[in-house]
Amino acid sequence: MRASKLWMMAVTVGCALCAVPALAQTRATCEAYMATDPSPIGIPTVSGPGVAQRSALLAAGGKLVAIGARYYSVSIPAAFYTATTPVVVIDLHGTGGYAEAEWTDWHTAMADKGVAFIALSWGGGAPGAATDTEVYSQIKQILSDLGANCPITTASKWLMGFSVGSAISFAVMIRDVADQKLLRGQIAISGAAIGPLTTGKDVMHATVEANRSNALAVWGIQSWMYCGELDLDHGWSMCTEMPNAEAFVNEHGGRATLYRDATGSHHSLPTNNSARNAMFDYVVASSKFTVVTAAQTDCMLSWLEVGFPAYVSPPPAGSLMAPPYRYRYYATTQSYLGTSSDDGHLYFVGAATGTVLDLGLATAWLAPTGCQ
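In terms of our numbering, the numbers along the sequence shown are unbroken and rise by one, the last being 377.
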């Protein structure tokens, strides 16, 4: 295939990325926001080790914010403002957890990597815990409120969950894919099965189970998972539970990788340097691009079918999935066209000739094809 026509188009659409408007939010506006009323009246109290943890969080420049009857903590290290690939992590604690305990576990590692860290006290594992719908609604509000003051608009946002927080995070990711796609990916730590655990290690949150027939449930999501072989918190090794979640993501439009810690326990990730570094490396690598939605992919492929029938024809009945690809096969031209959730690129493959043409980031094609 002559690549010139499609390549020229790829160069042209790339220019759409040349002009980026300036952001109104700056480090100065963010630091002013963080310093304003960092521990407001009415925030739920903590006891035991939580008292000292809260004091340490505030002394380190963190902030507590009320959200309904609950609250969350925010910590933004100085390195975040100059990061080449800025990242925001929103954390969901495990049973009996709370925001300050999560901050204690993670603030040093997050600050070292320049990652902004938000921990939501959602009541997980206790009566009256927020549902996945409520958690997602609060995440949207948190990002909106923080984004009004801090330069997080272009940051890559990741949902982290520990134990029951990990189990519900899969449901929250499904909500996001079907709604605003605010979240680039997920960090699932030591939890996939939902309580009561008498239902077994393979039964996930009800929202996940209801979406097993939805092939696009977590389309485009990058998921890093952790399990400890010695973690028997649920009555079996966590590394026999987490593979079910890994399979769900990989079979429903996302891409997951599971880190198996041979000597790991339920709460060992925060102190495992090797595993932590693997997690951060995965997050940074996956944050360098954005994956277009399935609907956007289909729209772009249809547009290219009209514009380049000599290379992609006839239009098939619909798109197919073979993770990480969403693609179409064209019988007459013996070619493929599709997007990859591994790198966010649009690809053309001439099956007869063996030609593989990387057409660049799929997001660059959204405006010229009218598929935003």
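Quick reminder that beta carbons are idealized off the backbone N, C-alpha and C, glycines included.
Query: Do residue 198 and residue 139 have their C-beta atoms within less than 9 Å of each other?; Result: no
Query: Which same chain residues end up closer than 7 Å to residue 88 when comparing Cβ atoms and leaving out the 5 residues on each side of it in sequence?; Result: 119
Query: Exposed or buried, which one is residue 311 when buried takes at least 16 other CB atoms within 10 Å?; Result: exposed
Query: Between which two residues does the beta strand (DSSP E) holding residue 307 run?; Result: Counting along the chain, residue 307 falls outside any beta strand (DSSP E), though it belongs to the alpha helix (DSSP H) covering 299-312.
Query: My output table needs one value for residue 145: the three-state DSSP class, helix, strand or coil.; Result: helix
Query: Using the Cα positions of residue 171 and residue 80, report the straight-line distance between them to the nearest angstrom.; Result: 21 Å
Query: Taking residue 56 as part of the alpha helix (DSSP H), name the residues at either end of that continuous run.; Result: 54-64
Query: Mind reading off the beta-carbon distance from residue 408 to residue 145? Whole number of angstroms is fine, and I expect it under 8 Å.; Result: An answer regarding residue 408 cannot be provided, because it is not within the stretch 6 to 377 covered by the chain.
Query: Sort 212, 169 and 183 by Cα distance to residue 193 and report the nearest one.; Result: 169
Query: Could you pull the DSSP bridge partners for residue 80 from this structure?; Result: 122
Query: Can you check which of these residues, 332, 340 and 85, is closest to residue 318 by C-alpha distance?; Result: 340
Query: In the DSSP assignment, what residue or residues form a beta bridge with residue 353?; Result: 342 and 362
Query: Between the Cα of residue 230 and the Cα atoms of 244, 220 and 222, which residue gives the shortest distance?; Result: 244
Query: According to DSSP, simplified to helix, strand and coil, what is residue 96?; Result: strand
Query: Where does residue 298 land, buried or exposed, given buried means 16+ other C-beta within 10 angstroms?; Result: buried
Query: Quick one: what's got a C-beta closer than 8 Å to residue 27's C-beta in the same chain, skipping five residues either side?; Result: Reliability of the predicted coordinates at residue 27 is poor, the pLDDT of 43 falling under 50, and no value is obtained from them.
Query: Return the CA-CA distance between residue 347 and residue 131, expressed in angstroms with no decimal places.; Result: 37 Å
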